[in-house]
Every structure is written in C-alpha cells, then in structure tokens.
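K.L.:
Okay, handing you the structure first.
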Amino acid sequence: MEINRPIHRIKLEELNNLWVKREDLSDPFISGNKWRKLKYIVEKAKSLKKNHLVTFGGAHSNHLLATAAAASRNGFQSTAFVRGEKLTNEMLFLCELFGMELRFTDRESYRDKQLLYNRHFANNPSSYFIDEGGASEEAVKGCAEIIDELDQHYDHIFCCAGTGTTAAGLLRGIHKHNLSTKLHVISALKGGEFLREEISKYEKNLEALILHTDYHFGGYAKTKPELLQFIKQFVASTGILIDPVYTGKMFFAIHQLANCGKLNFDDKILALHTGGIFGLFGMQEKFNELII
Ligand SMILES: *Cc1c(COP(=O)(O)O)cnc(C)c1O
0 MEINRPIHRI
10 KLEELNNLWV
20 KREDLSDPFI
30 SGNKWRKLKY
40 IVEKAKSLKK
50 NHLVTFGGAH
60 SNHLLATAAA
70 ASRNGFQSTA
80 FVRGEKLTNE
90 MLFLCELFGM
100 ELRFTDRESY
110 RDKQLLYNRH
120 FANNPSSYFI
130 DEGGASEEAV
140 KGCAEIIDEL
150 DQHYDHIFCC
160 AGTGTTAAGL
170 LRGIHKHNLS
180 TKLHVISALK
190 GGEFLREEIS
200 KYEKNLEALI
210 LHTDYHFGGY
220 AKTKPELLQF
230 IKQFVASTGI
240 LIDPVYTGKM
250 FFAIHQLANC
260 GKLNFDDKIL
270 ALHTGGIFGL
280 FGMQEKFNEL
290 II
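See below:
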C-alpha cells in the first residue's frame, strides 16, 4: 500500500525555509514515528511465528494505540501493561476497540518491564516482547528510512524525543548518506541529557547531534500557558495540528532558536512531524483554562 508523507513548506514568523515532513499523515492511529518503529518489529514478530504483541506504556501513550492498531491489522493479539491505577480515557478506549487487553500495573512493578513480561508471559511461546515506546534496533532501522526518502539537502533536521530511538534512526540515516545535516533533538522530558547515552547505544558517532534539553516545559506531559498559546497560534495559522507533549515543544524550540539567532532565517530546516495528535485529548482542560 502506498503511503503518502508529503513535505509541506510552512511560514513561522521570519523563518523562510522551514519544511515539515508529515509523518503524521501515514495513518490516524499508527501515527508518525510509531509507524516507522513498528514496521520491522512486526516483521520480526511474524518471522518468529509469534501472534501476540505485549508492550508497555502510560495511559496516554501513542505507542499503545499504535501497537493495538498494528496488532489488529496484522492478525496479532495484543496486551499492554499500563502504568498506574485503572482508569479510562479516549486513548485506552481506542486501544480496547482494537482488541488490546489492558493490564493496569502499579508503578513499582511497572519499573522492570522484562521481569513483568517474564512473570506473565514466560510460558507463552507465541508472545513477543516490545519495550516501552517500541525502543529497539528494529525501530532504529525503520526510522532511518525517513532519511532515505529525502530528495533534498537540509541544513538542519529537527525531531522531538522520548526514548531517543527515533533520533538514533535519523542519525543512522544521516551517517549512511554522508550528510552534513545537523540533527536537533528536543527532549520532551526533564533531564534530557540521558538521551545522549540512549542514542549512542545505537549510533556511536554523535557529532551531528545537537541535543536541546531546555524545552520540556516542566517535564513529560507537563505544560505551560506559553506553550499552549504558541500551539493555538501555530495550528490556526498553519492548519497543521500539533500537540503539547511532543511536537508542540519541537516547534516552540525552532521558533525560539530562530528568534535568538541560533538559526538563520534562510537556513533550510526540516521538522519531522512525528504524529501523536491524540496527545491533545489529555490536555483539553488546560486549553480551556487558557481561553477563560
Ligand atoms: C513517541 C513519540 C515521540 C518519541 O519518540 P522516541 O523514539 O521515543 O524518542 C515523539 N513524538 C511523538 C508524537 C511520539 O508519539
């Protein structure tokens, strides 16, 4: 099946040469980078004759929804260990519609995923372990293909990061094609310095990497009125939905870096829209507070 992920040019204040690769358009549910990450994971599970994907995530995880959708389309069962108390929300509702079994897990047990998996699935020969966020060599391989598809040179490529797996894949692609492109990675989490080590597990050479750790807005899934205000304006003026958990932080960073002279207005910049717009649902109240 042909999948279309066009590159759109957008106007963000003075930036004249800003482009967005619309990975978010690959699929409504297997969204953005999750599509890339799951591609070879699903392929490997199939080749090992597995039929049950088991994974891990928080209650608003884009990865859970993507895995649930990918599992059902490929004839797999799926189970997710969901961090924290039993609850329901739009994301988990969709996961269950796709047939995913949810097992709510207290934070202490959730910490050691391999142990959790072994405890429940050790005797199940058809189950397949997928780490939180899909972090794996297969995911890196899938994400590197984003760079294979580019037919123009960019001075800078931007992406946002949770586990850093997507960033590692992009870096791999940049090396493979011998590009002089700088890879800017915006940490969605507080204390994002850890990403350097995570990325280097897959790609040793970090010369092209510029890690930005000051755009987390308080931490993962935390936000501030300034970010929500920026998102409102961005969505209304570009027609592209972005969310406060990931891509909103990335576009905010691009905007700030340009305003403080760290990017030139004519630099050719590619921002990767990694999807995840359902992240907006968890933030609806915060947006409402803003309007009042
Ligand atoms: C999961 C996710 C990320 C983080 O990707 P990593 O490979 O874990 O760094 C970024 N953006 C969106 C929209 C996501 O859903």
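Counting from 0, one number per residue, gives the positions in the sequence shown under numbering that gives the first Met the number 0.
Cβ coordinates follow ideal geometry from the N, Cα and C atoms, glycine included.
What you are looking at is a predicted structure, and each value in this text was computed from that prediction instead of being measured.
1) Between the alpha carbons of L240 and A167, how many angstroms are there, rounded?
2) Quick one: is the Cβ of D242 within less than 8 Å of any heavy atom of ligand 1?
3) Given a cut-off of 9 Å on the beta-carbon distance, is the pair I198 and C158 in contact?
4) Check the DSSP bridge columns for R171 and list the partner residues they point to.
5) Determine which residues share a DSSP beta bridge with L271 and list them.
6) So is the beta-carbon of K223 under 8 Å away from any non-hydrogen atom of ligand 1?
7) Could you tell me whether the segment 245-253 touches the segment 211-227, where touching means 3 or more Cβ pairs closer than 8 Å?
8) What's the gap between the Cα of T212 and the Cα of L194?
9) Give me the Cα-Cα distance between F80 and R106, rounded to the nearest whole angstrom.
10) Can you tell me whether DSSP reads V41 as helix, strand or coil?
11) Nearest CA to the CA of T54: which residue from N88, K112, R72 and A68?
12) As a quick exercise: from L205, G161 and T164, pick the residue whose alpha carbon is nearest that of K181.
13) Is the distance from the Cβ of E202 to the Cβ of H174 below 9 Å?
14) If I6 sits next to V19, beta carbons under 8 Å apart, how far is it from one beta carbon to the other, in whole angstroms?
15) So the candidates are K49, H215 and G83; which of them puts its Cα closest to the Cα of P124?
16) Apart from the five residues on each side of it in sequence, which residues of its chain come closer than 7 Å, Cβ to Cβ, to H176?
17) Kindly provide the ranges of any alpha helix (DSSP H) runs that are 4 or more residues long and lie completely inside the segment 208-259, ordered along the chain.
18) If I follow the unbroken beta strand (DSSP E) through Y127, where does it start and stop?
19) Tell me whether L178 sits in a helix, a strand or coil according to DSSP, three-state version.
20) Please report the residue range of the alpha helix (DSSP H) in which A67 lies.
21) What number of angstroms, rounded off, separates the C-alpha of I209 from the C-alpha of A187?
22) Let me make sure I understand the geometry here. Which of F28, N88 and G83 has the alpha-carbon closest to that of A69?
23) Candidates N117, A44, Q76 and A143: which alpha carbon is nearest R35's?
24) If you drop the 5 nearest sequence neighbours on each side, which residues of the same chain put their C-beta closer than 8 Å to that of Y219?
P.N.:
Checking against the coordinates, here is how it stands:
1) Here residue 240 refers to the residue found at position 241 when the sequence shown is read from its first residue. Here residue 167 refers to the residue found at position 168 when the sequence shown is read from its first residue. Across the structure, L240 and A167 are spaced so that their CA atoms are roughly 25 Å apart.
2) For the purposes of this step, residue 242 is taken as residue 243 along the sequence shown, with counting starting at 1. Yes, Cβ of D242 sits closer than 8 Å to a heavy atom of ligand 1.
3) Locating residue 198 in the sequence shown gives position 199, where the first residue counts as 1. Locating residue 158 in the sequence shown gives position 159, where the first residue counts as 1. No; because the gap between Cβ atoms is not below 9 Å, this pair is not in contact.
4) Taking the first residue of the sequence shown as 1, we reach residue 171 at position 172. Looking at the DSSP output, R171 bridges to nothing.
5) To locate residue 271, count along the sequence shown from 1; it is residue 272. Its beta-bridge partners are K20.
6) Residue mapping note: residue 223 aligns to position 224 of the sequence shown, counting from 1. For K223, the shortest C-beta to heavy atom distance toward ligand 1 is 8 Å or greater.
7) Remark: three or more beta-carbon pairs, one from each stretch, lie closer than 8 Å, so the segment 245-253 and the segment 211-227 are flagged as touching.
8) As a first step, residue 212 must be located in the sequence shown, where it is residue number 213. As a first step, residue 194 must be located in the sequence shown, where it is residue number 195. Rounded to the nearest angstrom, the two C-alpha atoms are 9 Å apart.
9) Residue 80 sits at position 81 when you count from the first residue of the sequence shown. Residue 106 sits at position 107 when you count from the first residue of the sequence shown. When the Cα atoms are used, F80 and R106 turn out to be separated by approximately 11 Å.
10) The sequence position of residue 41 within the sequence shown is 42, counting from 1. V41 falls in the helix class under three-state DSSP.
11) Against the sequence shown, residue 54 aligns to sequence position 55. The candidate whose alpha carbon is nearest that of T54 is K112.
12) As a first step, residue 181 is located in the sequence shown; it is residue number 182 there, counting from the start. Across the set L205, G161 and T164, the C-alpha of L205 shows the shortest separation from the C-alpha of K181.
13) As a position in the sequence shown, residue 202 is number 203, starting the count at 1. As a position in the sequence shown, residue 174 is number 175, starting the count at 1. Contact: yes.
14) The sequence position of residue 6 within the sequence shown is 7, counting from 1. The sequence position of residue 19 within the sequence shown is 20, counting from 1. Rounded to whole angstroms, the Cβ separation of I6 and V19 is 7 Å, and the two are in contact under 8 Å.
15) Counting from one through the sequence shown, the residue named residue 124 turns up at place 125. Measuring from the Cα of P124, the nearest candidate turns out to be K49.
16) For this step, residue 176 is matched to residue 177 along the sequence shown. I146, listed in sequence order.
17) Within the segment 208-259, the complete alpha helix (DSSP H) runs of at least 4 residues are 224-237 and 246-258.
18) Along the sequence shown, one-based indexing puts residue 127 at 128. The continuous beta strand (DSSP E) containing Y127 extends over residues S126 to F128.
19) Position 179 of the sequence shown, counting from 1, holds the residue named residue 178. Assignment of L178 by DSSP, reduced to helix, strand and coil, places it in the coil class.
20) If you number the sequence shown from 1, residue 67 lands on position 68. Counting along the chain, the alpha helix (DSSP H) containing A67 begins and ends at N61 to R72.
21) Here residue 209 corresponds to residue number 210 of the sequence shown, with the count starting at 1. Here residue 187 corresponds to residue number 188 of the sequence shown, with the count starting at 1. Rounded to the nearest whole angstrom, the C-alpha separation of I209 and A187 is 15 Å.
22) As a position in the sequence shown, residue 69 is number 70, starting the count at 1. Out of F28, N88 and G83, F28 has the C-alpha closest to the C-alpha of A69.
23) In the sequence shown, residue 35 corresponds to position 36, counting from 1. The residue with the shortest Cα to Cα distance from R35 is A143.
24) Reading the sequence shown from its first residue, position 220 is the one you call residue 219. Excluding positions up to five away in sequence, the list reads G161, A187, L188, K189 and V244.
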